Amino acid sequence: MSYRITWHGPEISGATVIIGIFDGVHRGHQKLIDRAREFVSPIVALTFDPHPASIVAPDSLPTELLPLSQRINLLHSYGVDSVAVIEFTSEFSKLTPGEFINLILVNELKATAIVVGSNFKFGSKAAGNAATLSSDHRFKVLAVDLEKEIGAPVSSTRIRDAITGGNIEVARDLLSRPHQLFGPVVHGEKRGRAIGYPTANIEVSQRATIPSDGVYAGWLSVDSNRWPAAISIGTNPTFAGDRGRQIEAYALDQRDLDLYDKIAKVEFGWRLRDTIKFTGLEPLLAQMKVDCDKARELTRDYA
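Sequential numbering from 56 applies to the sequence shown in our numbering.
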């Protein structure tokens with residue numbers, strides 16, 4: 056069969072291979088990388104794009120914690136030597152576990168060791184697992200019980216649930232860093248600028264995992280700049296008119312920033328409060344000052 060592998064980093068044969076979607080590159084994924092170092096060989100992360108669910112179960116396709124480019128960057132930052140991305144197609148999804156092992160792990164990557172989570176499944180109809188890999192003696196296999204090693208259940212699904220439920224601090228702990236959203240700065244209603252809080256309105260992918268409506272403390276990054284920020288998600292119910300959900304970040308104490316059309320990163324560190332419909336502008340401004348003071352305090356003290 057035909058398939059396409061795109062390498063991000065050098066093409067490496069004879070490496071220790073970790074396999075997964077690596078959505079979020081969370082603490083569990085970081086543990087796999089740590090354990091892969093035990094084999095004292097280069098580490099290749101083997102991943103798939105698009106998400107396999109988009110082919111085999113499109114109605115169950117989850118939102119993403121990170122776009123592919125950021126997953127690749129983080130995998131490198133945690134010590135992976137190269138990332139191999141397989142284009143996941145309908146034809147590829149039909150590979151049996153044995154065909155996947157022979158075609159990809161043995162013939163293509165010439166893997167000397169495989170490291171996966173103990174609940175890892177692969178191949179057509181998810182028929183293969185860690186035991187399937189262990190039965191093949193052409194490479195060593197390490198199946199890691201992530202919950203036992205980390206001391207708490209960690210999965211991309213649990214992190215998504217925490218984020219969309221507003222439990223951003225739980226997600227921060229499971230990710231080992233604040234949840235991030237990426238997108239261009241677009242023109243909004245420019246109301247924030249008029250009331251002394253100029254915000255960057257961020258347009259994100261439809262597949263992004265967006266926190267529940269509320270006000271958050273975190274950071275706004277553009278180019279090489281990273282500013283502490285107060286972040287609002289919601290429909291601005293205090294003001295008249297119908298509008299969709301907006302993601303707005305105010306870089307604390309910054310004025311006259313020209314960020315339009317630049318790619319921004321928003322990091323969510325803490326949830327400050329729910330979205331509130333105020334009776335007018337004055338109580339809103341009073342609360343915004345409280346929010347910004349709290350965001351300034353939290354980001355200053357965060358290591």
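Glycine included, every Cβ here is placed at the ideal spot set by N, Cα and C. As the structure is a prediction and not an experimental result, all values here were calculated from the model.
Quiz item: For Gln-261, does the three-state DSSP call read helix, strand or coil?
Solution: coil
Quiz item: Thinking C-alpha only, which one of Ile-76, Phe-237, Asn-280 and Ser-145 is nearest Lys-385?
Solution: Since the displayed the chain opens at 56 and closes at 358, residue 385 lies outside it and no answer follows.
Quiz item: Tell me which same chain residues have a C-beta within less than 6 Å of the C-beta of Ile-218, skipping the five on either side of it?
Solution: For Ile-218, the CB contacts under 6 Å within the same chain, skipping 5 residues up- and downstream, are Ala-226, His-234, Thr-264 and Pro-266 in chain order.
Quiz prompt | Backbone secondary structure at Leu-314 - three-state DSSP | solution = coil
Self-check item: Counted within 10 angstroms of its Cβ, other Cβ atoms place Gly-299 as buried (16 or more) or exposed
Solution: exposed
Self-check item: C-alpha distance - Pro-107 paired with Ser-260, whole-angstrom precision
Solution: 18 Å
Quiz item: Based on the DSSP secondary-structure assignment, which residues constitute the bridge partners of Glu-119?
Solution: Ala-263
Practice problem: Using only alpha-carbon positions, find the residue among Lys-317, Leu-312, Asp-308 and Asp-268 that is nearest to Lys-332. | Solution: Asp-268
Quiz item: Cα-Cα, which of Gly-273, Tyr-252 and Gly-238 is closest to Arg-262?
Solution: Gly-238
Quiz item: Any idea if Thr-354 is buried or exposed, counting beta-carbon neighbours within 10 angstroms, 16 or more meaning buried?
Solution: With 16 or more Cβ atoms within 10 Å of its Cβ, Thr-354 is classed as buried.
Quiz prompt | Residue from Phe-143, His-84, Ile-286 and Gln-125 whose Cα sits closest to the Cα of Ser-109 | solution = Nearest C-alpha to Ser-109 among Phe-143, His-84, Ile-286 and Gln-125: Phe-143.
Quiz item: For Gly-83, which of helix, strand or coil comes out of DSSP?
Solution: helix
Exercise. Please report how far the alpha carbon of Val-161 lies from the alpha carbon of Arg-193, in whole angstroms.
Key: Put simply, the backbone Cα of Val-161 is about 8 Å away from that of Arg-193.
Practice problem: Return the chain-ordered list of same chain residues with a C-beta closer than 7 Å to the C-beta of Asp-316, the five sequence neighbours on each side being excluded. | Solution: Pro-239 and Val-240
Quiz item: What is the DSSP secondary structure of Gln-125, reduced to helix, strand or coil?
Solution: Here Gln-125 carries a helix assignment [DSSP, helix/strand/coil].
Practice problem: State the start and end residues of the unbroken alpha helix (DSSP H) segment that holds Ile-110. | Solution: Per DSSP, Ile-110 belongs to the alpha helix (DSSP H) from 108-111.
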